[in-house]
Amino acid sequence: MTSKVKVRFPPSPTGFLHIGGARTALYNWLFARHNNGEFILRIEDTDQQRSTEEATQVILDSLTWLGLDWDEGPYHQSERLEIYSEHVEKLLKEGKAFHVDDPEKGRAVRFKLTGELTNFDDLVHGNINSDTSLIEDFVIQKADGFPTYNFACVVDDGVMGITHVIRGDDHLSNTPRQVAIYKALGFELPKFAHIPMILGEDGSRMSKRHGATSVTEYRENGYLPDALVNFIALLGWSPGHDQELLTRQEMTEKFTLKRVNKTSARFDYTKLDWMNGKYIQDLPVEDLVSKLRPYMKGANLDNGVFTDEWLYKLVELYKERFRTLPEFVTLASPFFTDEIEYEDAAVQKHLKKSNPSLIKDAYNKLKEVNDFSSITELEDCLRSITTEHSVGFGKLAQPIRVAIIGKSASAGIFETLELLGKEKTLKRLEYTINTFL
RNA sequence: GGCCCCAUCGUCUAGCCUGGCCUAGGACACCGGGUUUUCAUCCCGGCAACAGGGGUUCAAAUCCCCUUGGGGUCACCA
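Residue numbers for the first sequence follow my numbering, beginning at 1 and rising by one.
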């Protein structure tokens, strides 16, 4: 049997897209692409109280941002009520389901379990057996006429011809119920693949206290979609070799369910930061700058007194020094604003204890440099001072750095001077001489 | 609690299916060293794991059982 692979991602629109859900979507997408199959999006909005239109939009946006495109859908279960009702009727007629009345909730339909042993094959766990006589007859149609999850999900997967159900292993214990419905309805069983869950850093279920849990937050916090995708792909799957930085193309080529783990993974924020930094380094400056702009705007660093060329240079210089987009803003703000924060430790170490005449010399000589865009001219200027005073270059570079940036770390000192420009440099040196020396 | 799933460095993992090539490999983090005007990058090196106990076998991280630990699930939520 070589029917075309067909998978689906079925979020319920009751909130944002959780990072775990994102990975489930990613694995489905990867599996579909690897097999030249189809990836279907289905909104499971059968909970009339909790489902919202906004949540649906947020989830769609998140998937799009991650670059996970779907081939069909999004279908909405709330628009497919007739289909479920037909199947409920069928079961009712065949005596496989029955009505139950609740004085408060109204009239619902329960599925009648026959109490047999079911087993199903799981592509990541192997064969799983269970005894449905241990399970209660469960509701498949609520009093409001909407189907319940376990029922709608099976009907849709059956009707849509889903070949592989790839989902979190929190659904493992639901599967026997669903298998029973597949059988009662006469649907062919799909292949199941229950992937391990993503836990918080301490091994417990991932929640807000662990840090960001939604794709939206990662986006806002300055992570790149490619980095996030690469990172979560590796949480439970490995390509089988030592390479960790993988393009979508490479992931698609390598992805198989066979290489998916059984063990739940903890979310390591530190490693994600490292990976994001890698992706930032590899991004062409133009792309990086356009991603940076919203953050600059948010911090009021977009006052427009600089040219694109200047900004490109600055970003290029700092590219290897930040791991998330907003970090750039923190590092580079002294270039945009005159309200510099002088770090206490840096001032103490490099200004208070330095030789005042060194900085005064620098001020006077830098004043004579006409062309701040000439690195060689700047270098000649500063080198001549350290030569005169017979000190190592660091003795001069560090105080200047702190004087003009406020921190003991920045890009190269000449490039920093160049990008800051003569006027600001002299102003800040003057301020330093008057204030700290 | 019943049922189900899982168990390799602190973390993500390779190896397990098809025992021997494993004195267990890689990455992040951490600690040293090198390069550099600082930081970062980059390069080199180091630390660090088969949960415990029984089997099976000439041989077990790999197969079996038990214990322990972790997770999931038991809704007219999905």
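Note that CB positions come from ideal geometry on N, CA and C, so glycine has one too.
Take the Cβ of residue i as the centre, count every other Cβ of all protein chains shown within 10 Å, and call the residue buried at 16 or more, exposed below.
i    : result
N221 : exposed
L30  : buried
T387 : exposed
R428 : buried
G95  : exposed
Q243 : exposed
D371 : exposed
K93  : exposed
L134 : exposed
D380 : exposed
A97  : buried
M1   : Bear in mind that the predicted position of M1 carries a pLDDT of just 49, short of 50, making it unreliable; the figure below should be weighed with that in mind. Classification for M1: exposed.
N127 : exposed
S354 : buried
E38  : buried
L68  : buried
D156 : buried
E286 : exposed
A411 : buried
N150 : buried
A403 : buried
What does DSSP give as the partner residues of residue i in its beta bridges?
i    : result
S130 : T118
K6   : E38
Y75  : R42
P440 : The first residue shown for the chain is 1 and the last is 437, placing residue 440 beyond what the model contains.
F192 : D122, V165
G406 : In DSSP, G406 forms no bridge with anything.
S214 : H18
L199 : R205, R266
W237 : V260
H87  : Beta-bridge pairing links H87 to no other residue.
F98  : R110
Distance, Cα to Cα, residue i vs residue j?
i    : j    : result
L417 : G168 : 53 angstroms
I280 : L66  : 16 angstroms
P176 : S130 : 7 angstroms
G145 : R107 : 9 angstroms
F9   : N36  : 16 angstroms
E430 : L283 : 38 angstroms
D275 : F231 : Per the sequence shown, residue 275 should be read as Met rather than Asp. Those two C-alpha atoms are separated by around 7 angstroms.
F192 : E53  : 30 angstroms
I19  : T213 : 6 angstroms
A184 : D122 : 20 angstroms
M251 : L235 : 13 angstroms
L60  : R383 : 57 angstroms
Y363 : S62  : 52 angstroms
Q | Sufficient close CB pairs (3 or more, under 8 angstroms) joining the stretch 297 to 306 to the stretch 269 to 289 | A | Because the criterion of three Cβ pairs below 8 angstroms is not met, the stretch 297 to 306 and the stretch 269 to 289 do not touch.
Q | In chain order, each beta strand (DSSP E) run of at least 3 residues that lies wholly inside the stretch 32 to 70 | A | The qualifying runs are 38 to 43.
Q: Say whether the stretch 347 to 359 touches the stretch 398 to 409, bearing in mind that this needs 3 or more beta-carbon pairs closer than 8 angstroms, one atom from each stretch.
A: Between the stretch 347 to 359 and the stretch 398 to 409, the count of Cβ pairs shorter than 8 angstroms is three or higher; the stretches touch.
Q: Could you tell me whether the stretch 115 to 125 touches the stretch 172 to 186, where touching means 3 or more Cβ pairs closer than 8 angstroms?
A: Yes, since at least three Cβ pairs between the stretch 115 to 125 and the stretch 172 to 186 fall closer than 8 angstroms, the two stretches touch.
Q | Meets three-Cβ-pair contact criterion under 8 angstroms: the stretch 305 to 314 and the stretch 337 to 346 | A | Counting Cβ pairs under 8 angstroms, fewer than three are found: no touch.
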